[in-house]
Each structure stands twice: as C-alpha cells, then as structure tokens.
Amino acid sequence: MRAATATGAGGPDVLSVTEVDEPRPQPGEVLVDVVATAVNRADTLQRQGFYPPPPGASDIMGLECSGRIAELGEGVEGWKVGDEVCALLAGGGYAERVAVPVGQVMPVPGGVSLVEAACLPEVAATVWSNVFMTAHLARGERFLVHGGAGGIGTMAIQLAAARGAEVFTTAGSPEKLELCRSLGATHAIDYHEDDFVEVLQEAGGADVVLDNMGAKYLGRNVTSLATGGRLVIIGMQGGSKGELDINALLRKRASVTATSLRARPLSEKAAICCGVVENVWPLVASGDVRPIVETTMPLEDVARAHRMMDDGGRAGKIVLTL
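Numbering (UniProt numbering), first residue to last: 1 to 322.
Printed below as a string of structure tokens:
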C-alpha cells in the first residue's frame, strides 16, 4: 500500500510517499481503508525525532483518520465491512490502510463529510478528555484556551461555549481573533497587544486553563487562575522546564495537571472515545460544533503540509486525502 514515510529525522523534505506492507487486523482490531487523515503538531515532532510512537504502534505518522471498514479482526462486534468511520490512532494514519483497536473506532458524526471527519478524532478526544473528564469544566465557569485559532483551540472554544462556559482565548492576528469570536469566544485576546493575565484577573480568574505552551506560560497561567482553578498542560511548545509557585497554588487551592493522549492504555482511550461519541458528536450533528479545515491536499503533498505546519499562521486543520 502507499504510505507517507520518513527517510530519517529532519525537516519536511525527509517525507515522501512510498510502498510499504499492508497491516493486518489483530484480534480486537478493525482494518480501515483510509479516505483522509489530518496533520497534527505531534506528527511534526515525530518527524524531527522528538516524539517516537509508543511501543507496538506503527512508525507511520498520523494520529487520526476517516474511511471505511475493510476487514474485522477476531472478536470484533458492532461493526461491519463498509461502515463509514473515523478513528483515533497511535500512528499509521498517513497510509491507505490502518489497523485500529475497535474501542477507538467511532461513527462519522452527522452533518459532516467523510473527509471533514478525518480532522475530528484527535482534537475532540483531546478537548473532551482534558477539559471535561479531567478539569470538569462546568456551565457558567470561565475557560481559557491558548492558540484559539489552531486545531485544538477551535474545538475547545466551540465545545466549551456549547456547554455553557464563558470562553477566553488568545490569538495573534485580527483574522484569527475574529475566527475565535465567530466560534463562541466571548473574549478574544491579541497576545501581541494585551496581557491575558490582566484580562482574566479583571474577570475574576479562569476556572479552567487548557495550555499547550508549557514552561513559557506556566507562571502566568497560575496567576490567571481563580480560586479552585484547574490548569491542564497538554504541550511544551514553550519549553519543558519552568518555575512553579507552590504558594500561589496553595492560596488559590488550585491544581496543575499534565496529560498526554497517545500512549494511554487502550481501555482509557476507548472510554474517551465513548465520551466523545456520546457528548461531542450530537453537538457536531446539530451544527453547534463544526470541523475547521484550513486546507485539503493529497497525501503526495505531505511535505508541503508539514512545511505549512512548521511555518505556523494556520487557522484550523490541514487534511490529507487518499
């Protein structure tokens, strides 16, 4: 089968489409004919050699896909060959076929195309598991997400707003700020001009902060928290080592949690996917939450897609089609 592979760690030019062996579904897995996949920040880190796949996972990049079931592994029930699905992956999405644990296979939500569905599993699972399962964001609470125009940000804004939170976000251009407002952000903060800490403190503090910057924003995120606030860190774009003021956390009775999704046990990922289908997919079907796709291109343009991701300035997801 065709797959996008890397000749080694490096820039986008190490990527090209080659022929590789087709995977076979193991017991408890389904084989999916991939229609589309999406580019995530983790893919670019893996390409650079900083984020290897977990043991047993495919070394082909791609953490989500959409397509049709081609074959059922032993013991799989509830699905049939030909079903249209999307899936959360530990790897392998940049290929014509991928084997997926059945607990990570989800129906395509109503109201979206099969291609659009490719960019939903990773962001929906990330936001649902962190903002709601871990931080327990509740109706009426104040929520801050950084990078509101990105893949995670656009999903987080929509989902938090749909569930009744007051949404704050940061972005770096007038166009991105307007996109964030259109998705439900009550307060879109230009990080070039304004200090999100001051904005949140004036509002009474953030009950939940979802952060992909890590060390760079650690102290300011803690300062922006309300009493009982919860900071959830899901990335290290701003570094991995920072100074944490324990006294500030104690005074606020606040908490800091750091999580990842890719290496979680299958049972945990299955529970997250169940939560997504139950709680997020109805909002997609109703139009309250929608996939934000910046561009779609064929798998053969994978190097260009990674170059776009590296250059930044995007709004929404980059989708690769097969």
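No residue lacks a Cβ here, since even glycine has one placed at the ideal position from N, Cα and C.
Computed from a prediction, not measured in an experiment: that's the story for all the values here.
- Rounded to the nearest whole angstrom, the CA to CA distance from Leu137 to Val131 is 6 Å.
- Gly75 sits exposed, since fewer than 16 C-beta atoms from the chains shown fall within 10 Å of its C-beta.
- DSSP places Val32 in the strand class (E or B) of the three-state scheme.
- According to the DSSP assignment, Ala95 belongs to no alpha helix (DSSP H), since it is labelled neither H nor E.
- DSSP, read as helix, strand or coil, puts Glu198 in helix.
- Looking only at Leu114, Ala160 and Glu96, the smallest Cα-Cα distance to Glu19 is reached by Glu96.
- Burial is judged here by how many other beta carbons sit within 10 angstroms of a residue's own beta carbon; Asp211 has at least 16 and is buried.
- Listed in chain order, the alpha helix (DSSP H) elements of length 4 or more contained wholly in the region 228-271 are 246-252.
- Your pair Val30 and Leu72 checks out as a contact, with CB atoms roughly 6 Å apart and the cut at 8 Å.
- Nearest neighbour of Ser66 by Cα position, chosen from Ala226, Gly153, Thr186 and Glu122, turns out to be Glu122.
- Ranking Leu159, Gly239 and Leu15 by CA distance to the CA of Met61 puts Leu15 first.
- The Cβ-Cβ distance between Val115 and Ala36 falls below 7 Å.
- Taking C-beta atoms as the reference points, Ser224 and Leu249 fail to come closer than 7 Å.
- Glu278 and Gly111 have their C-alpha atoms some 16 Å from each other.
- Rounded to the nearest angstrom, the Cβ distance from Ile69 to Asp83 is 5 Å, consistent with a contact under 8 Å.
- Residues of the same chain with a CB within less than 8 Å of the CB of Arg181, apart from the 5 flanking positions on each side, are Ala188 in chain order.
- From the listed residues Val32, Gly10, Asp13 and Leu88, the smallest Cα separation to Ala263 is found for Leu88.
- Taken in chain order, the whole beta strand (DSSP E) runs of length 3 or more contained in the region 105-188 are 105-107, 142-145 and 166-171.
- By alpha-carbon distance to Thr169, the top candidate from Leu144, Met213 and Gly92 is Leu144.
- Burial check for Val81: the Cβ neighbour count within 10 Å stays below 16, so the residue is exposed.
- Secondary structure note for Val302: its alpha helix (DSSP H) is the uninterrupted segment Val302 to Asp311.
- Annotation: Pro298 is outside any alpha helix (DSSP H); the continuous beta strand (DSSP E) that includes it extends over Val293 to Pro298.
- The beta carbon of Gly235 is closer than 8 Å to those of Arg41, Asp211, Asn212, Met213 and Gly214 in its chain, skipping five residues each way along the sequence.
- In the displayed model, Leu89 falls within coil according to three-state DSSP, outside both helix and strand.
- C-alpha of Ala315 to C-alpha of Pro25: approximately 35 Å in a straight line.
- Spanning the alpha carbons of Pro54 and Gln46 requires a straight line of approximately 11 Å.
- The C-beta of Asp311 has fewer than 16 other C-beta atoms within 10 Å across all chains shown, which makes the residue exposed.
- Looking at the backbone, the Cα of Gly11 and that of Phe50 are separated by about 12 Å.
- Going by beta carbons, Leu299 and Leu266 fall outside the 7 Å limit.
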